[in-house]
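Per the numbering used here, the sequence shown runs over residues 597 to 854. Notes follow the structure.
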Amino acid sequence: MKINNSKMNTTYKTIFILLIYSLLASCSDTGEFLGIKSSFDSPFPKRNKNLTYALGDEFSIKRGKDTIDFKVTFRKSDRQNFIIEQPNQDTIFAGTVCKYRGLYYLNIQLNDTTYWIYAIEITDQVIKGLQTGWFQMLGWDDEFEFWLSPPGQEEFNKRPAIIKYANPEKQIIRLTPDKKEMKKFYSTLIDSLPADTLVNWTVPITNVEIEKEITDIQETSTDQFEIISKLYPNPANDYCNLELYETEKYQFGIFDIN
597 MKINNSKMNT
607 TYKTIFILLI
617 YSLLASCSDT
627 GEFLGIKSSF
637 DSPFPKRNKN
647 LTYALGDEFS
657 IKRGKDTIDF
667 KVTFRKSDRQ
677 NFIIEQPNQD
687 TIFAGTVCKY
697 RGLYYLNIQL
707 NDTTYWIYAI
717 EITDQVIKGL
727 QTGWFQMLGW
737 DDEFEFWLSP
747 PGQEEFNKRP
757 AIIKYANPEK
767 QIIRLTPDKK
777 EMKKFYSTLI
787 DSLPADTLVN
797 WTVPITNVEI
807 EKEITDIQET
817 STDQFEIISK
827 LYPNPANDYC
837 NLELYETEKY
847 QFGIFDIN
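Structure (structure tokens):
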């Protein structure tokens, strides 16, 4: 299933998305047995955010005829966010969250070297992408499955830079995060998803002010201030590696903002 597949009838496509969305709404996003071939080798390369600054400690959504309540918590020690459905206490997300160009990127760590990454969008009284991790990762499978085929393997040196490797025998597509490519991909995908209405919700003003204070660099419409491509391992104990977009001379400092 490809979002941009012109052969798929729009009506059937919408119904299919709604069915998948309804199925996932009752499931956690951490399943490792759902047949997804794609995964990332590291989380999204931006500073981890406190999701309560965006959603507050609690929020509710209207989905169909149902109103669903959620609790949001943030663990400062490792900057992990948790979204918990109430009152059954089901954790629908546990991981780090980054923000880039208007989207929040949710990182789910499956093991030491494997991540799922999916996006949510929060605008006015609407949230899109919640509980759609499986569906969004399936989108990467559809986008890059060609590179598992014999023709794709023969032309593998022409693959997009976001693809680290593709293993036809194990049916694995390993990706390395690229902010620009992921923003383009997820923006299109998010536009195709149903929207959940936030019920009786207001932006937590105090938290927004705090968020502005701790933001590293204000996001702009250009990438002129984006110099760091990747930082790993993250979190780090004794050392870390920095990869830059350009080979230039920079002076770095390490600060503990906690």
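Built from N, CA and C at the ideal position, the CB exists for glycine as well. All values derive from a computational prediction rather than experimental measurement.
Cβ-Cβ distance between residue i and residue j below 8 Å
i	j	result
ILE680	ASP686	yes
PRO639	TYR700	no
ASN707	THR692	no
GLN727	ILE786	no
SER634	ASP774	no
ILE769	ILE759	yes
LEU744	GLN767	yes
LEU794	GLN721	yes
CYS694	ASN646	no
THR709	ASP637	yes
Counted within 10 angstroms of its Cβ, other Cβ atoms place residue i as buried (16 or more) or exposed
i	result
GLY729	buried
LEU840	exposed
ILE716	buried
ALA832	exposed
LEU789	buried
LYS724	buried
ASN837	exposed
PHE731	buried
THR648	buried
ASP792	buried
TYR714	buried
ASN703	buried
Which of helix, strand or coil DSSP assigns to residue i
i	result
PHE740	helix
GLN705	strand
GLN721	coil
TRP730	helix
LYS766	coil
ASN753	helix
PRO829	coil
Candidates the options: closest to residue i by CA position
i	options	result
TYR696	PHE781, TYR835, GLU654, LEU789	PHE781
ALA690	VAL668, PRO683, ASN763	VAL668
PHE666	GLY660, LEU651, LYS642	LEU651
GLU739	LEU827, ASP792, LEU771	LEU771
LYS776	PRO756, LYS658, GLU654, THR793	PRO756
ILE664	PHE655, PRO746, ASN644, GLN705	PHE655
LYS642	ASN796, THR784, VAL799, MET778	MET778
ASN763	PRO683, LYS754, PHE742	PHE742
ASP662	PRO829, GLN682, GLU750	GLN682
GLY698	GLN749, ILE704, SER783	SER783
LYS658	ASN796, PRO747, LEU827	ASN796
GLN705	ASN830, GLY748, LYS672	ASN830
Enclosing alpha helix (DSSP H) for residue i [first to last residue]
i	result
GLY691	It is not in any alpha helix (DSSP H) - GLY691 instead sits in the beta strand (DSSP E) that spans 686–696.
ILE786	775–787
GLU654	That residue, GLU654, is in no alpha helix (DSSP H); its beta strand (DSSP E) goes 654–659.
TYR649	648–651
GLU750	746–750
Bounding residues of the beta strand (DSSP E) (the contiguous stretch that carries residue i)
i	result
SER634	634–636
PHE640	Per DSSP, PHE640 belongs to no beta strand (DSSP E) and is neither H nor E.
GLN682	676–682
THR669	662–671
THR798	Looking at the DSSP string, THR798 is not in any beta strand (DSSP E), and its letter there is neither H nor E.
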